[in-house]
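Undergrad: In the working numbering, the protein residues as written are 2 to 160.
Note that the Cβ used here is the ideal one computed from N, Cα and C, for glycine as well.
Please read all numbers here as calculations on a predicted model, not as lab measurements.
Following this message is one structure expressed as structure tokens.
Shown next, in the form of structure tokens:
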């Protein structure tokens with residue numbers, strides 16, 4: 002019976018091994034960049050990661066304001082046959098540069114004895130945007146379908 006419960010528990014918990022964290026964006030503290038697991042935090046960022054850990058703080062008011070600057074490259078590939086430069090063996094790549102100059106977080110905690118009250122501010126996702134110099138397939142697909150559509154109607158679409 003114990004083996005059965007162990008197997009059931011392992012099956013139910015296996016999905017969380019692949020999860021990205023709360024709302025799949027776990028870098029809500031500058032301390033996260035130093036140690037990528039803050040689930041047992043007992044510092045001010047426990048407001049987000051481990052609220053029970055706030056009881057380990059000393060008595061008083063704690064304030065944390067921090068910012069992260071995020072830069073990254075996103076690549077989207079498309080093998081849609083009507084897009085330029087796409088063949089069956091070579092899909093077209095669209096590269097975008099993401100820049101997020103401001104990704105703030107703020108935490109406030111007040112502790113007296115065994116009571117801790119806290120509040121936090123974090124953007125859940127988004128912030129910034131990606132710039133694709135060659136466009137994106139989702140925007141180019143409707144226009145690229147014009148040529149085969151017009152050719153099918155008997156109109157000449159080549160020079």
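On the criterion of 16 or more Cβ atoms from any shown chain inside 10 Å, does residue 46 qualify as buried, or is it exposed?
TA: buried
Undergrad: Using beta carbons (cut-off 8 Å, strictly below), is residue 152 in contact with chain D?
TA: Structure shown: chain D not included; a single protein chain is present.
Undergrad: Taking 8 Å as the threshold (C-beta atoms), are residue 78 and residue 94 in contact?
TA: yes
Undergrad: Is DSSP giving residue 47 helix, strand or coil here?
TA: helix
Undergrad: Given a cut-off of 8 Å on the beta-carbon distance, is the pair residue 102 and residue 70 in contact?
TA: yes
Undergrad: Going by C-alpha distance, which of 143, 58, 134 and 43 is nearest residue 113?
TA: Selected option, being the one with the closest Cα: 58.
Undergrad: Take the Cβ of residue 138 as the centre, count every other Cβ of all protein chains shown within 10 Å, and call the residue buried at 16 or more, exposed below.
TA: buried
Undergrad: Three-state secondary structure (DSSP) at residue 84?
TA: coil
Undergrad: Is residue 3 buried or exposed, if buried means 16 or more other CB atoms sit within 10 Å of its CB?
TA: It counts as exposed.
Undergrad: Run through DSSP, which three-state label would residue 139 get?
TA: helix
Undergrad: According to DSSP, which residues form a beta bridge with residue 37?
TA: Per DSSP, none; premise fails for residue 37.
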